[in-house]
Amino acid sequence: ELRHELDTKEAYPYTAKNGICKFSQAKLVSNVIDSVNITLGPEDELKYAVALVRPVSVAFEVIKGFKQYKSGVYTSAECGNTPMDVNHAVLAVGYGVENGIPYWLIKNSWGANGGDSGYFKWRWGRNV
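Residue numbering for the sequence shown follows full-length UniProt numbering, starting at 1 and increasing by one per position.
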């Protein structure tokens with residue numbers, strides 16, 4: 001049976017290692033209403049979803065240098081192009097422009113100590 005409930009990060013903390021699922025029905029706090037897969041295509045579809053529907057789960061490849069991000073708009077020339085390159089999940093929560101550079105506002109899943117208080121700005125149209 002496919003279920004769509006979620007735990008809090010306190011109830012199910014990220015451990016960065018393989019292990020056994022510690023599911024607990026009693027600790028569920030949220031339900032996923034529905035989902036849509038936007039794989040490849042115009043970023044305008046993602047912009048529409050983030051602006052008018054809800055935050056969007058995004059997966060990408062963490063590359064060399066990304067873990068050192070602290071502020072500004074992040075960009076990189078590196079980009080894997082196969083599903084096997086994807087190794088990290090985040091949440092697109094908004095978008096904007098900084099110093100003329102359009103970006104996605106992304107909530108990272110590594111907690112508030114990483115990036116810019118747990119968020120980063122990823123350059124729109126570049127390796128996303």
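Heads up, the beta-carbon is just placed ideally off N, CA and C, and yes, glycines get one too.
Bounding residues of the beta strand (DSSP E) (the contiguous stretch that carries residue i)
i, result
"residue 164", "Since the first residue shown for the chain is 1 and the last is 128, residue 164 is missing from the structure and cannot be characterised."
"Tyr119", "119 to 123"
Residue burial classification, residue i (beta-carbon count within 10 angstroms, cutoff 16)
i, result
"Ser50", "For the record, residue 50 in the displayed sequence is Val; it is not Ser. It counts as buried."
"Val56", "buried"
"Val97", "exposed"
Pairwise C-alpha distance: residue j and residue i
i, j, result
"Val90", "Ala59", "6 Å"
"Ala16", "Asp44", "33 Å"
"residue 131", "Trp124", "Residue 131 cannot be examined here, being either before or after the span of the chain that is shown, 1 to 128."
"Ser117", "Tyr74", "15 Å"
"Lys9", "Lys121", "22 Å"
"Arg54", "Val93", "8 Å"
"Thr82", "Glu61", "10 Å"
Beta-ladder partner(s) of residue i, from DSSP
i, result
"Leu91", "Ser57, Lys107"
"Pro102", "Val97"
"Asp116", "Tyr119"
Where the alpha helix (DSSP H) containing residue i begins and where it ends
i, result
"Asp44", "43 to 48"
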